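Peer 1: Take this structure first; my questions come after.
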Amino acid sequence: MNSVEESRNVDESSNQGLTLGDFMFLIASAAVSLFLLRIAASLGLFHHDPKADWRVEFIEYLSVTSGCVLVPLTLVVLIARGFDRRTSRQEVVQGAGFVACVAVCVSAIIPVLYFVVRVGTASELDRSSALTVEYNNFFGRLKFAAGPMIIGAWLALALTRRRWLSPSPMDRLGCLVGISFIAIYLYQEIYYLILRFLP
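When we follow this note's numbering, the leftmost residue of the sequence shown carries the number 3, and every step to the right adds one.
The following block contains the structure:
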């Protein structure tokens, strides 16, 4: 009886909406996103090449833009959920949004290492061009890695728990981040799959 009441209290407390701290985290995320987008623009990643295929360019624009927005949100969800005192630790780590953001961070390890090594080992003359290429490629690699990893993590979570959707607004935001990564990944995969069968 007590466990049922405690579970009910956890659900009610975690469904109280966004706190002031959550809003501060979201504002910080927006600031970081704008900073990353400004870097991308300064590197010329949003420059239109008339000779290039606009459909391929759109995928690259989508990859960079979404990455600049979703990566800070991923970190914000993890930090906000980590500091959330209204929800038990077990509920936090088993939330679908939290799991999705953890999957994104794990999938980002290799792209980050690749970015650091490629830019760090480039010569002084080639460092500027290497930074442009690898900044663009980082988000592409992250998209390819994060999409399948989130799908696998959610499938595993669904098979092990009957209820895996948390009422927490920040965890729901994490679910939105996960869905966005999956949607971008599937969009590119379907596009290139269709392109193979076109004359």
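C-beta: ideal position from N, C-alpha, C; glycine also. If you're wondering where the values come from, they're calculated on a predicted model, not measured in any experiment.
Okay, do the region 124 to 134 and the region 78 to 96 touch, 3+ Cβ pairs below 8 Å being the bar?
Peer 2: Contact fails: fewer than three Cβ-Cβ distances are below 8 Å.
Peer 1: Any idea if Pro-52 is buried or exposed, counting beta-carbon neighbours within 10 angstroms, 16 or more meaning buried?
Peer 2: Exposed: under 16 other Cβ atoms inside 10 Å.
Peer 1: Going by beta carbon distance, what residues of the same chain come within less than 6 Å of Pro-74, once the five residues before and after it are set aside?
Peer 2: Hits under 6 Å: Ser-31, Val-34, Ser-35.
Peer 1: Which stretch, first to last residue, makes up the alpha helix (DSSP H) that contains Pro-74?
Peer 2: First-last of the alpha helix (DSSP H) with Pro-74: 56 to 84.
Peer 1: Any idea if Phe-25 is buried or exposed, counting beta-carbon neighbours within 10 angstroms, 16 or more meaning buried?
Peer 2: Exposed: under 16 other Cβ atoms inside 10 Å.
Peer 1: Using the beta-carbon count (16 or more within 10 Å), is Thr-162 buried or exposed?
Peer 2: With fewer than 16 other Cβ atoms within 10 Å, it is exposed.
Peer 1: If you pair each beta-carbon of the region 98 to 117 with each one of the region 55 to 67, do three or more pairs fall below 8 Å?
Peer 2: Flag = no, the region 98 to 117 and the region 55 to 67 do not touch.
Peer 1: Determine the closest residue to Ala-105 out of Tyr-189, Val-118, Leu-72, with distance taken between C-alpha atoms.
Peer 2: Comparing Cα-Cα distances from Ala-105 to each of Tyr-189, Val-118, Leu-72, the minimum goes to Leu-72.
Peer 1: Where Met-151 and Ser-109 are concerned, what is the direct C-alpha to C-alpha distance, given to the nearest angstrom?
Peer 2: Going by the C-alpha atoms only, they are around 7 Å apart.
Peer 1: Considering Phe-37, what are the terminal residues of the alpha helix (DSSP H) in which it resides?
Peer 2: Phe-37 -> alpha helix (DSSP H) spans 22 to 44.
Peer 1: For the region 120 to 195, list the alpha helix (DSSP H) runs that are entirely contained and at least 4 residues long, ordered along the chain.
Peer 2: Listed in chain order, the complete alpha helix (DSSP H) runs (minimum 4 residues) inside the region 120 to 195 are 129 to 162.
Peer 1: What would DSSP say about Arg-91, mapped onto helix, strand or coil?
Peer 2: Three-state DSSP puts Arg-91 in a helix.
Peer 1: Excluding the 5 residues flanking Glu-62 on each side, which residues of the same chain have their C-beta closer than 8 Å to its C-beta?
Peer 2: Within the same chain, Glu-62 has close Cβ partners Leu-47, Asn-138, Gly-142.
Peer 1: To the nearest angstrom, how far is it from the Cα of Gly-176 to the Cα of His-50?
Peer 2: If I take the Cα positions, the gap works out to 32 Å.
Peer 1: Between which residues of its own chain and Leu-159 is the CB-CB distance below 8 Å, once the five residues before and five after are set aside?
Peer 2: Contacts found: Gln-96, Ala-98, Val-101, Trp-166.
Peer 1: Shortest alpha-carbon distance to Cys-107 belongs to which of Asp-128, Ala-132, Lys-145?
Peer 2: Among Asp-128, Ala-132, Lys-145, the Cα nearest to that of Cys-107 is on Lys-145.
Peer 1: Run through DSSP, which three-state label would Phe-48 get?
Peer 2: If DSSP states are grouped into helix, strand and coil, Phe-48 belongs with coil.
Peer 1: Looking at Phe-183 and Gly-2, is the spacing between their C-beta atoms short of 7 Å?
Peer 2: This structure cannot speak to residue 2, because the chain is shown only from 3 to 201.
Peer 1: Please classify Gly-19: does DSSP put it in a helix, a strand, or coil?
Peer 2: Three-state result, Gly-19: coil.
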